[in-house]
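Residue numbers (the numbering used here): 233 to 569.
Structure follows, in structure tokens:
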């Protein structure tokens with residue numbers, strides 16, 4: 233590793249538990265390095281949305297002939313939810329001399345901007361706010377971003393989430409939002425949600441948290457404030473603590489909406505609308521393949537995601553006394569329960 237011992241110990245002191253998890257989560261495809269490029273992959277947490285995004289990336293590589301352990305080396309790590317760990321891992325990647333970095337999420341991309349040299353290509357995905365990470369300026373066309381950086385833009389479709397909630401409940405006027413303002417991606421999406429809610433004359437009642445352990449209490453507080461629904465944005469605290477929101481929603485008969493498809497499996501989650509994370513990863517993987525084959529990221533544009541998928545939970549609807557409109561049932565990609 234390229235870290236000095238004192239700097240490493242300092243970072244361990246910031247987030248010792250997270251660093252221990254990191255050592256367990258780092259994986260090199262095939263165990264030993266093979267002839268071929270080495271790519272360092274970092275995501276913020278081990279959870280279905282970023283995991284599915286990473287799997288899509290790996291699938292795109294494989295389709296182009298870059299097979300882990302055979303023709304490409306993949307070093308996979310997650311930051312265990314600790315922002316300090318993203319910097320630590322990026323320094324490890326640089327010290328290991330990786331040929332490319334995949335940043336799955338805004339915080340990993342932010343760390344890559346701080347640490348990676350301009351000679352190392354950085355591909356990003358599962359990212360709502362590349363601008364906040366310092367990757368470039370909107371919309372990220374050629375000449376509008378760092379020359380070594382390219383990726384997909386996945387700001388969650390929170391406007392569609394609000395439209396879905398109102399289609400189910402035309403009288404909806406107050407939604408509850410739980411998020412961690414300390415996360416750059418969360419703060420950005422909360423701002424987008426407020427703007428979209430204002431367009432629809434919907435009030436956003438907010439409850440901030442510092443970590444997933446505070447989500448249950450925050451949901452209980454919002455329930456007492458008589459919100460008409462809970463809505464979720466791209467936020468790591470609520471990705472990990474979403475079960476608590478769904479539980480409160482079920483107990484208090486408050487509809488819960490999410491932008492993460494896997495949440496539909498939880499009792500209490502009424503509906504989801506969002507991107508296909510696997511497809512997000514595939515799109516990023518195709519960008520990576522172009523770079524691996526010699527194309528410069530400087531000649532490529534950021535790619536915004538455009539296709540959304542809606543899922544509904546019939547069992548949750550029955551449990552909280554909500555009738556799902558027939559039109560929505562026909563439009564849904566999947567109806568569970």
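Beta carbons: idealized from backbone N, C-alpha and C, even for Gly.
- Residue 510 and residue 372 do not touch by the CB rule: their CB atoms are close to 22 Å apart, not below 8 Å.
- For the region 264–309, the full-length beta strand (DSSP E) segments reaching 3 residues or more read 270–275 along the chain.
- Distance from the CA of residue 338 to the CA of residue 421, rounded to the nearest whole angstrom, comes to 11 Å.
- Cα atoms of residue 502 and residue 269: separation of roughly 44 Å, rounded to the nearest angstrom.
- With a minimum length of 3 residues, the unbroken runs of beta strand (DSSP E) contained wholly in the region 406–471 fall at 406–411, 435–440 and 461–463.
- Between the region 402–409 and the region 358–374 there are fewer than three C-beta pairs closer than 8 Å, too few to call the two in contact.
- In the structure shown, the three-state DSSP call for residue 535 is strand.
- Taking each of 500, 438, 473 and 465 in turn and checking the Cα distance to residue 445, the smallest one comes out for 473.
- For residue 509, the enclosing alpha helix (DSSP H) has its first and last residue at 509–524.
- Ranked by Cα distance from residue 466, the options 295, 418 and 392 are led by 418.
- The alpha carbon of residue 283 has as its nearest neighbour, out of 521, 357 and 476, the alpha carbon of 357.
- In the structure shown, residue 505 falls within a strand segment according to DSSP collapsed to helix, strand and coil.
- Membership of residue 394 in any beta strand (DSSP E) is not indicated; the residue belongs instead to the alpha helix (DSSP H) covering 390–400.
- Around residue 460, the same chain offers 401, 404, 405, 406 and 407 as residues with beta carbons nearer than 7 Å, after the five sequence neighbours per side are excluded.
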